[in-house]
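Enquirer: I have a structure here, written as C-alpha cells, and I will follow up with some questions on it.
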Amino acid sequence: MKKIVSLITIAACVFQLNAQTIVLDCETSSSPINNSGSRGATDRRNYDIANCWSFGGVGYTDISAINGGWSAQSGQATSLLVTSFWVKSPWLKPTSGNITVKAKLTASNGTIRRLHIAYLPYDAVTGNSAREGARVEFDIFNFTTSNTNVNNLSFAIPAAIANSNQPFKIMISLAGDGGNSRIMIDDLVIPGTYFADPANSCFPQSQIQDADSDGVADADDAYPNDNTRAYNNFYPAGNYGTLMFEDLWPAKGDYDFNDLVIDYQYNLVTNADNKVVEMKANVVTRAIGASYRNGFGLQFNGLSSDKITSVSGAKYHGATWLSNAANGTENGQTSANIIIFDDAQKVLPSPGGSGSNTIPANPRVAPDTTKITVSFVTASSQAIGLNDLILNPYIIVNQERGKEVHLPDNIPSSKVNTAFFGQMQDDTKPAQGKYYKTVDNLPWALNVVKSIPYTHTTNDFVSAYLKFAEWAQSNGTLYTDWFENNAEYRDTNKLFVP
Ligand SMILES: [Ca+2]
Ligand SMILES: [Ca+2]
Ligand SMILES: [Ca+2]
Ligand SMILES: [Ca+2]
C-alpha cells in the first residue's frame with residue numbers, strides 16, 4: 007500500500023439552503039445590440055420594469071457604476087420629499103432577514119443625502135392605481151456627504167411583514183438637500199419570494215391553489231393538506247449514501263471498512279418558513295464484518311437537546327449504558343444525541359458463520375431498515391433552519407459508551423472517553439480540530455454520498471478502491487470520483503456481491 011500523506015474525506019453532512027431573494031443589479035438588457043450609452047441604460051431599465059420594478063426620477067448609468075457595468079441613479083438629489091426619487095420592488099412576499107444594497111454619492115457635496123426604506127402593503131380597495139397602500143417607513147440611512155465611498159447597507163425586514171405570507175413592495179427613496187450630487191444604488195437584494203404577475207399589469211399573482219393556506223402553492227407543497235409541513239429536503243438528494251466504519255480504533259485494524267456498513271438518507275421536512283419540522287432518517291444496516299457489538303448514534307452538533315420534542319423508531323436491546331430523556335435524546339449530552347440502535351448484532355443478526363453479509367461463502371441476511379423520526383420545536387422564537395443542523399453519525403464500539411468512532415474531524419459527544427485520544431495509531435488533536443485520524447490523516451470512518459459496494463472478508467479498502475489512495479494522497483484534489491464504478495477504479499474481486 008502506498009504511503010498516504012494526507013486525506014480529506016467527504017465532509018459530514020452540512021446542509022445549506024439558499025433562501026430566495028429578489029435582486030436588482032441593473033445589468034440585464036433584453037436588447038443585445040444596444041450595449042452602450044443612454045440606449046443601453048434604457049434597455050436595462052426597461053428589462054427591470056418588465057419584471058415589475060418601478061422608478062421615479064431614477065435612471066441607469068454606466069458612469070462610475072458601483073458594481074458590474076451599471077447602477078441606478080437619482081437626479082440631483084436636492085429634494086427632501088420621499089416621492090421625488092424612488093425605486094420600488096415588484097410585489098413580493100418578504101421573508102425574515104436583511105435587505106442589502108450598495109449606495110454612494112456622485113460627488114462630495116450637499117448638506118443632506120438620505121435613503122428612506124419603506125414598505126407598501128397591497129390595497130386593492132383604497133390604494134393607488136398600482137394597488138399600493140399607504141407607505142410605511144421602517145429605516146433610514148444618512149450619507150456622509152464629504153465623500154463618495156460605497157456604503158454596503160443592510161436593513162432588517164420588519165417583523166410585521168416578514169413571513170406574513172402577504173404581498174408587499176419595498177420602496178427606497180433617495181432624498182437630499184443642498185449641493186448637486188446624485189445618489190447611486192446597486193445590488194439591491196430583498197429576501198422573499200417574487201409575487202408579481204408581469205402579464206397582469208404587475209399586480210400580485212392570484213388564483214394560486216393553496217389548500218392548507220400555508221403560503222406554499224399546492225404545486226410546490228409536498229404536504230398540500232398539512233399547514234405545518236411544506237418541503238422535503240433529502241440528503242443525499244435522490245439516492246442513498248454509505249457510511250463505513252472501522253471498529254478497532256484507536257488501532258488502525260485491518261482497514262477493510264466493513265465492520266459496520268450503513269446506507270442512509272435523511273429527509274429534513276421544512277415548513278412554509280423553511281424551518282425544520284422533523285427529520286426522517288432511513289438507516290439501512292447492510293453488513294457487519296465485526297465481532298464487536300457496536301451501537302450507532304447521531305449527534306446534532308451544537309443543537310441543545312431541548313430543541314427536539316420526540317424521537318421514534320430507535321431499536322434498543324437493553325444496553326446498560328443507554329440513558330435517554332423523555333424526548334428520546336441521550337441524557338448528559340451538551341449537543342443533542344440520538345442513539346439509533348444500541349447493538350448492530352441484534353439489528354442484523356449473523357445468519358451463520360461470522361459476521362453478516364461480509365464473507366461470500368456464508369449465508370446472506372436481508373439488510374435491516376431502521377426508520378427514525380425526530381421532531382423539532384417549531385415555535386418561531388426557537389425554530390431551526392436547515393443550516394442549524396450539522397449531522398454527525400458515529401459508532402459506539404462494543405458496548406463501551408466512551409469509545410466512539412466518528413467521521414474524520416468530527417467532534418465526539420460529551421460521553422467520549424478522551425483517554426483513547428492519541429493511543430495506538432490515533433492522532434486526534436482537539437486543539438487543532440483534528441479528530442479520528444492517524445498521523446497520515448487516515449480516517450476510521452467514511453461517508454460517501456451515494457451507495458457503494460463494500461469490501462468482503464478483510465480486504466484492505468485501498469486494494470479494492472484503486473483510486474482511493476491517490477485521492478487521499480492528493481489532499482482530495484485527484485480522483486474526487488474515486489468511489490464511482492469507472493474503468494479501473496475498482497477491483498471487483500475484493501468487493502462483496504450481495
Ligand atoms: Ca450593477
Ligand atoms: Ca400549501
Ligand atoms: Ca403544506
Ligand atoms: Ca475492520
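Residues in the sequence shown are numbered consecutively from 7, following this note's numbering. Each residue gets a CB set at the ideal place from its N, CA and C atoms; glycine is no exception.
When you measure from the CB of Asp-31 to every non-hydrogen atom of ligand 1, does any distance come out below 7 Å?
Expert: yes
Enquirer: Use the C-beta contact count for Val-131: other C-beta atoms within 10 angstroms, 16 or more gives buried, fewer gives exposed.
Expert: exposed
Enquirer: Go ahead and label Leu-484 buried or exposed: buried means 16 or more other beta carbons lie within 10 angstroms of its beta carbon, across all protein chains shown.
Expert: It counts as exposed.
Enquirer: How is Gly-182 classed by DSSP in three states: helix, strand or coil?
Expert: strand
Enquirer: As an exercise, report each continuous beta strand (DSSP E) stretch of at least 3 residues that is fully enclosed by the segment 352-416, in chain order.
Expert: Listed in chain order, the complete beta strand (DSSP E) runs (minimum 3 residues) inside the segment 352-416 are 374-382, 396-402, 410-412.
Enquirer: Could you pull out every residue in the same chain whose Cβ sits closer than 8 Å to the Cβ of Ser-360, ignoring the five residues on either side in sequence?
Expert: Ser-297, Asn-368
Enquirer: Helix, strand or coil: which one does DSSP assign to Thr-89?
Expert: Three-state result, Thr-89: coil.
Enquirer: Could you spell out where the beta strand (DSSP E) holding Phe-467 opens and where it closes?
Expert: Looking at the DSSP string, Phe-467 is not in any beta strand (DSSP E); the run it does join, the alpha helix (DSSP H), is 467-470.
Enquirer: Can you find the residues in the same chain that come closer than 8 Å, C-beta to C-beta, to Met-7, ignoring five residues on each side of it along the sequence?
Expert: Residue placement at Met-7 is flagged as unreliable, the pLDDT there being 30, under the threshold of 50; the coordinate-derived value follows with that caveat. Correct list, in chain order: Asp-466, Val-468, Ser-469, Ala-475.
Enquirer: Mind checking Phe-240: buried by the 16 CB within 10 Å criterion, or exposed?
Expert: exposed
Enquirer: Within this structure, are the beta carbons of Gly-81 and Gly-184 separated by less than 8 Å?
Expert: Contact: no.
Enquirer: Is Ala-202 near Pro-100, with beta carbons less than 8 Å apart?
Expert: no
Enquirer: Among all residues, which have a Cβ less than 7 Å from at least one non-hydrogen atom of ligand 4, and in what chain order do they fall?
Expert: Glu-252, Asp-253, Leu-254, Gly-259, Asp-260, Tyr-261, Asp-262, Phe-263, Asn-264, Asp-265, Gly-295, Ala-296, Thr-464
Enquirer: Does DSSP classify Gly-303 as helix, strand or coil?
Expert: Looking at Gly-303 - three-state DSSP - the assignment turns out to be strand.
Enquirer: Checking the sheet assignment: what are the DSSP bridge partners for Pro-230?
Expert: In DSSP, Pro-230 forms no bridge with anything.
Enquirer: What whole-angstrom Cβ distance do Tyr-495 and Leu-472 have, given they're in contact under 8 Å?
Expert: 6 Å
Enquirer: When you compare only the Cα positions, how much space is there between Trp-97 and Asp-54?
Expert: C-alpha separation (whole angstroms): 13 Å.
Enquirer: May I ask which residues mark the beginning and end of the beta strand (DSSP E) holding Lys-286?
Expert: 282-293
Enquirer: Which of the three DSSP states, helix, strand or coil, is assigned to Tyr-53?
Expert: DSSP places Tyr-53 in helix when its eight states are reduced to three.
Enquirer: My output table needs one value for Pro-100: the three-state DSSP class, helix, strand or coil.
Expert: strand
Enquirer: Quick check: what's the CA-CA separation for Val-290 versus Ser-362?
Expert: 13 Å
Enquirer: In angstroms with no decimal places, state the Cα-to-Cα distance between Lys-321 and Pro-436.
Expert: 32 Å
Enquirer: Measuring CA to CA, which of Pro-414, Tyr-400, Asp-415 is closest to Gly-408?
Expert: Tyr-400
Enquirer: Quick one: using the 10 Å Cβ neighbour count with 16 as the cut-off for buried, is Val-508 buried or exposed?
Expert: This structure leaves residue 508 out entirely; the chain is present only between 7 and 504.
Enquirer: Could you tell me whether the Cβ atoms of Tyr-270 and Asn-288 are closer together than 8 Å?
Expert: yes
Enquirer: Out of Phe-174, Thr-154, Ile-178, state which residue places its alpha-carbon closest to the alpha-carbon of Asp-145.
Expert: Ile-178
Enquirer: For a test of the three-state rule: what should DSSP assign to Lys-313, helix, strand or coil?
Expert: Residue state, collapsed to three classes: helix.
Enquirer: For ligand 2, which residues have a Cβ under 5 Å from at least one heavy atom, in chain order?
Expert: Those satisfying the condition are, in chain order, Asp-216, Asp-218, Asp-220, Val-222, Asp-227.
Enquirer: Whole angstroms is fine: what's the gap from Pro-366's alpha carbon to Trp-450's?
Expert: So the alpha carbons of these two residues sit roughly 24 Å apart.
Enquirer: Please classify Val-503: is it buried, with 16 or more other beta-carbons within 10 angstroms of its beta-carbon, or exposed?
Expert: exposed
Enquirer: If contacts are defined as beta-carbon pairs under 8 Å, then Gln-172 and Tyr-128 qualify, I think. What distance do you get, rounded to the angstrom?
Expert: 7 Å between Cβ atoms; contact.
Enquirer: Give the list of continuous alpha helix (DSSP H) stretches no shorter than 4 residues that lie fully inside the segment 423-504.
Expert: 467-470, 474-479
Enquirer: Just to confirm before moving on: does the CB-CB distance between Asn-157 and Ala-109 stay below 8 Å?
Expert: yes
Enquirer: Is the Cβ-Cβ distance between Met-190 and Ala-78 less than 8 Å?
Expert: yes
Enquirer: Within the same chain, show all residues whose beta-carbon is closer than 7 Å to that of Met-430, passing over the 5 residues directly before and after it, in chain order.
Expert: Same-chain partners within the cutoff: Pro-256, Ala-257.
Enquirer: Any heavy atom of ligand 1 within a distance shorter than 7 Å of the CB on Asp-145?
Expert: no
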